[in-house]
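Contents: one structure, followed by commentary.
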Amino acid sequence: MPSRCCIVSVSFTAIMIAILAALLWIFLADKDEPNALATCGDCHCIVSTGLGAASGLGDSSCPTRKPKIGSDYTPATIEALKRQRPLNPFNLTCDPYDDENCELDPPQDDSLDILNSAVCGLVYQFPFNGAGGTLSGEIFEAGTYKNANTDVEETLCPDAPTEYLMISYENKEAAEADGAVITHVGPCGACSTTQDLAVYLTEPDLLLASKECVKRSILNQDEGKTCFQDLGFTDACAAIWLANGENTGQRCALPCAAAEIQDYNNNGPAPECALNGCLECDEKYSGPKFKRYAGRTRRRSGILSTIARPCEDVVFIDHDYACPSEAGAESSGEVAEEESEVATAAATSFFESP
Numbered sequence: 003m004p005s006r007c008c009i010v011s012v013s014f015t016a017i018m019i020a021i022l023a024a025l026l027w028i029f030l031a032d033k034d035e036p037n038a039l040a041t042c043g044d045c046h047c048i049v050s051t052g053l054g055a056a057s058g059l060g061d062s063s064c065p066t067r068k069p070k071i072g073s074d075y076t077p078a079t080i081e082a083l084k085r086q087r088p089l090n091p092f093n094l095t096c097d098p099y100d101d102e103n104c105e106l107d108p109p110q111d112d113s114l115d116i117l118n119s120a121v122c123g124l125v126y127q128f129p130f131n132g133a134g135g136t137l138s139g140e141i142f143e144a145g146t147y148k149n150a151n152t153d154v155e156e157t158l159c160p161d162a163p164t165e166y167l168m169i170s171y172e173n174k175e176a177a178e179a180d181g182a183v184i185t186h187v188g189p190c191g192a193c194s195t196t197q198d199l200a201v202y203l204t205e206p207d208l209l210l211a212s213k214e215c216v217k218r219s220i221l222n223q224d225e226g227k228t229c230f231q232d233l234g235f236t237d238a239c240a241a242i243w244l245a246n247g248e249n250t251g252q253r254c255a256l257p258c259a260a261a262e263i264q265d266y267n268n269n270g271p272a273p274e275c276a277l278n279g280c281l282e283c284d285e286k287y288s289g290p291k292f293k294r295y296a297g298r299t300r301r302r303s304g305i306l307s308t309i310a311r312p313c314e315d316v317v318f319i320d321h322d323y324a325c326p327s328e329a330g331a332e333s334s335g336e337v338a339e340e341e342s343e344v345a346t347a348a349a350t351s352f353f354e355s356p
């Protein structure tokens, strides 16, 4: 007759197998619907106490100005962002969450990482709109392309430069003095290319898309990375997104499983609109390294997402610089001056989800 300890052991094992099976079903079989851009109550961001005094907008007021979203840019601008290529791309062949000595190639300037004023600038190799660069750069040949989303023939941007350098600067003024356009706040990194920016602008729910890619990596890591590349990410950016997702899966398994089972929203109810447990855990354990290695995040690029963020973290960056002829009268590729206290505060946030 089996002993009581054996019966308990078998029962415990059976329970754990059932739990693991349920979690595998949740992560591998359950399909979520894409979320719309997040709001906190009626506002596109989370209004914090005292924001009014800092921004001149009045206490507990939602800022009237909103960052541009993907649909605000013309198809020609998005296509130009996809096609333009950096002359100095980053490579990432290690996992920064597992390897403390992991570095991008070429390595980043660590001294800029601690500067809240640092920005990533693009120096296009073609002089336009007063920007510097060299006369060796080329522009796209005239022609058309088929829009993958609408299946319609669209005209290529007639004056878009094809190549650029990604350079980290101490501040906005240094970037502008060098003839650069600002593509995001914070130093450049693996995701600072315009190709990766195009994904941020056109993928409606990157959080959902990344979960699907991480699910694939459970069975085959290469498939997980390919999944991110299929979204349009460059190789290095796909690598850091996958590493971030896998680390969150390991460090935040319980709160993320709870969020999946109970179908939590990304944010709680207004006015706090607090992050759910999964995202809060991700911010703590994965966010800092993601920001460090990726360089570009949606918040740093002035892009709203399916996660509501504090209004003081919102930056305003116009990305029309990719196609000058499509740019509006106020296009600058700069961090906007108005509402400057709000617009520059995102650089001070060190716990950030992508």
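Counting from 3, one number per residue, gives the positions in the sequence shown under the numbering used here. Backbone N, C-alpha and C define an ideal beta-carbon position, used for all residues, glycine too. In this text, all values refer to a predicted model and were calculated from it rather than measured experimentally.
Discussion item. Can you look up residue 270 in the DSSP assignment and give me helix, strand or coil?
Written reply: For the purposes of this step, residue 270 is identified with residue 268 of the sequence shown, where counting begins at 1. DSSP places residue 270 in the coil class of the three-state scheme, outside both helix and strand.
Item to complete: Give the straight-line distance between the Cα atoms of residue 54 and residue 225, rounded to the nearest whole angstrom.
Response: Counting from 1 along the sequence shown, the entry for residue 54 is found at position 52. Counting from 1 along the sequence shown, the entry for residue 225 is found at position 223. Model confidence at residue 54 stands at a pLDDT of 43, short of 50, so the residue's coordinates are unreliable; what they give is reported in the following sentence. Between the alpha carbons of residue 54 and residue 225 lies a gap of roughly 47 Å.
Practice prompt. Could you round the C-beta distance between residue 318 and residue 192 to whole angstroms and report it? I think they count as a contact, below 8 Å.
Written response: Here residue 318 refers to the residue found at position 316 of the sequence shown. Here residue 192 refers to the residue found at position 190 of the sequence shown. Contact between residue 318 and residue 192 is ruled out by a C-beta separation of about 24 Å, above the 8 Å threshold.
Worksheet item: Is residue 80 closer than 8 Å to residue 233 when the C-beta atoms are compared?
Response: In the sequence shown, the residue the question calls residue 233 occupies position 231. In the sequence shown, the residue the question calls residue 80 occupies position 78. Not in contact: residue 233 and residue 80 (Cβ atoms no closer than 8 Å).
Item to complete: Could you pull out every residue in the same chain whose Cβ sits closer than 7 Å to the Cβ of residue 206, ignoring the five residues on either side in sequence?
Response: For the purposes of this step, residue 206 is identified with residue 204 of the sequence shown, where counting begins at 1. Short of 7 Å from the beta carbon of residue 206, and not among the five residues preceding or following it, lie these beta carbons of its own chain, in chain order: 36.
Worksheet item: In three-state terms, what does DSSP make of residue 48?
Response: Residue 48 sits at position 46 when you count from the first residue of the sequence shown. Looking at residue 48 - three-state DSSP - the assignment turns out to be strand.
Practice prompt. Tell me whether residue 166 sits in a helix, a strand or coil according to DSSP, three-state version.
Written response: Taking the sequence shown and counting its residues from 1, one reaches residue 166 at position 164. DSSP places residue 166 within a strand segment (E or B) once states are collapsed to three.
Worksheet entry | For residue 184, three-class secondary structure by DSSP | The sequence position of residue 184 within the sequence shown is 182, counting from 1. Strand, per DSSP.
Practice prompt. Would you kindly work out how many angstroms separate the C-alpha atoms of residue 104 and residue 66, rounded to a whole number?
Written response: Sequence index remark: in the sequence shown, residue 104 carries index 102 (1-based). Sequence index remark: in the sequence shown, residue 66 carries index 64 (1-based). Distance between the alpha carbons of residue 104 and residue 66 is about 42 Å.
Worksheet item: For the alpha helix (DSSP H) that residue 250 lies in, which residues bound it at each end?
Response: As a working note, residue 250 is residue 248 in the sequence shown. Its alpha helix (DSSP H) spans residues 237-253.
Discussion item. Taking DSSP's pairing of strands, which residues face residue 87 in a bridge?
Written reply: On the sequence shown, residue 87 is found 85 positions in, with the first residue counted as 1. The bridge partners DSSP lists for residue 87 are 165.
Worksheet entry | Candidates 156, 48, 44: closest to residue 276 by CA position | Walking along the sequence shown from the start, residue 276 turns up at place 274. Selected option, being the one with the closest Cα: 48.
Practice prompt. Could you tell me the boundaries of the beta strand (DSSP E) in which residue 122 lies?
Written response: Here the question's residue 122 lines up with position 120 in the sequence shown. First-last of the beta strand (DSSP E) with residue 122: 121-126.
Discussion item. Just to confirm my understanding: we take residue 307, look at its own chain, exclude 5 residues before and 5 after, and list those with CB closer than 6 Å. What are they?
Written reply: Your numbering for residue 307 matches position 305 in the sequence shown. Same-chain partners within the cutoff: 300.
Fill in: Nearest-angstrom Cα separation, counted from residue 187 out to residue 108
Sequence index remark: in the sequence shown, residue 108 carries index 106 (1-based). Sequence index remark: in the sequence shown, residue 187 carries index 185 (1-based). Roughly 20 Å separates the two Cα atoms.
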